[in-house]
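Inspection log for the structure reproduced underneath, given as structure tokens.
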Amino acid sequence: SQGNFKTIDSAINWLTFNKLFQNQLQIKGFYNIDTDLSFTSPYLQISGNQPNAQLSISSANVSGVRFSDIMVYFTSTTNITNCSFHNCHITFNGASTLSNVIVDSSDNDSAVIIHSAITVNNSSFSDVSFTVSSANGFILQSYNSFTNSVFNYNYAAPIVSTDLVSDGFGLI
Numbered sequence: 006s007q008g009n010f011k012t013i014d015s016a017i018n019w020l021t022f023n024k025l026f027q028n029q030l031q032i033k034g035f036y037n038i039d040t041d042l043s044f045t046s047p048y049l050q051i052s053g054n055q056p057n058a059q060l061s062i063s064s065a066n067v068s069g070v071r072f073s074d075i076m077v078y079f080t081s082t083t084n085i086t087n088c089s090f091h092n093c094h095i096t097f098n099g100a101s102t103l104s105n106v107i108v109d110s111s112d113n114d115s116a117v118i119i120h121s122a123i124t125v126n127n128s129s130f131s132d133v134s135f136t137v138s139s140a141n142g143f144i145l146q147s148y149n150s151f152t153n154s155v156f157n158y159n160y161a162a163p164i165v166s167t168d169l170v171s172d173g174f175g176l177i
């Protein structure tokens, strides 16, 4: 295990080149990331190490990252691929596309807040509370799964779906 880094960019840079030796990043406090997070096997694991652990991500691409116990803010248009979020609060402020994404919660504490159009494909959501505050809606493409998830709509925007599998799915 390496010591503390002075900037989040230096820690991510180190992990990019040394991921075979270490692929875990613990976040303490609030940090901004504006570089792409593109990882393949082994995936990068980012976990919150304090109750106030937060990341603000403004990169265009995030792939191969496993987030846990952290608040994540996507502040711009982002493509999110092959990622998972466990016990996370996620806020989307820019139009985003999710592909092969898993969002789950072991303690029913995961929340997703949507302020812009979100397109979802091949993704799974379990025990998640959604709050949609965008007139653009929530676009569901093929093979999405929702288990014990609730949608709270603040606008009259529809859920647009081409293929929906659900168990315990509700609209409020």
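FYI, the numbering for the sequence shown is 6 to 177, going by my numbering.
For glycine and all other residues, C-beta sits at the position ideal for the given N, C-alpha and C.
With DSSP as the reference, identify every bridge partner of residue i, one or two as the case may be.
i	result
Ala116	His94 and Ser134
Tyr158	Val137
Ser52	Gln31 and Ser73
Leu20	DSSP, once it has assigned bridges, lists no residue as partnering Leu20.
Leu103	Ile85 and Val125
Ile13	The partner list for Ile13 (beta bridge, DSSP) is empty, contrary to what the question assumes.
Asp109	His91 and Ser131
Asn37	Ser61
Quick check: residue i and residue j, are their CB atoms within less than 7 Å of each other?
i	j	result
Gly53	Asp74	yes
Thr83	Val67	yes
Leu49	Asn28	yes
Val108	Phe130	yes
Phe44	Gly69	yes
Ser139	Ser121	yes
Asn126	Ser150	no
Leu30	Ile62	no
Report all residues from its chain with a CB closer than 7 Å to the CB of residue i; omit the five preceding and five following residues, and keep chain order.
i	result
Val117	Ile95, Val108, Val133 and Phe135
Ser81	Ser63 and Gly99
Within 10 angstroms of the Cβ of residue i, are there 16 or more other Cβ atoms? Answer buried if so, exposed if not.
i	result
Ser89	buried
Leu25	exposed
Ser111	exposed
Phe79	buried
Asn92	buried
Asn18	exposed
Phe72	buried
Lys11	exposed
Ser15	exposed
Ser115	buried
Asn87	buried
Near residue i, which residues of its chain fall below 6 Å by C-beta distance, leaving aside the five closest residues on each side in sequence?
i	result
Thr124	Thr102 and Ile144
Ala58	Ile32 and Ile75
Ile119	Phe97, Val137 and Ser139
Gln55	Lys33
Asn37	Ser61
Phe35	Gln59
Keeping to the same chain, check which residues put their C-beta closer than 8 Å to that of residue i; ignore five residues upstream and five downstream.
i	result
Ser46	Gly69
Ala65	Asp41, Ser81, Thr82, Thr83 and Asn84
Compute the minimum distance between the beta carbon of residue i and the heavy atoms of the ligand COA, and state whether it is under 6 Å.
i	result
Gln59	No copy of the ligand COA appears in this structure; indeed no ligand is present at all.
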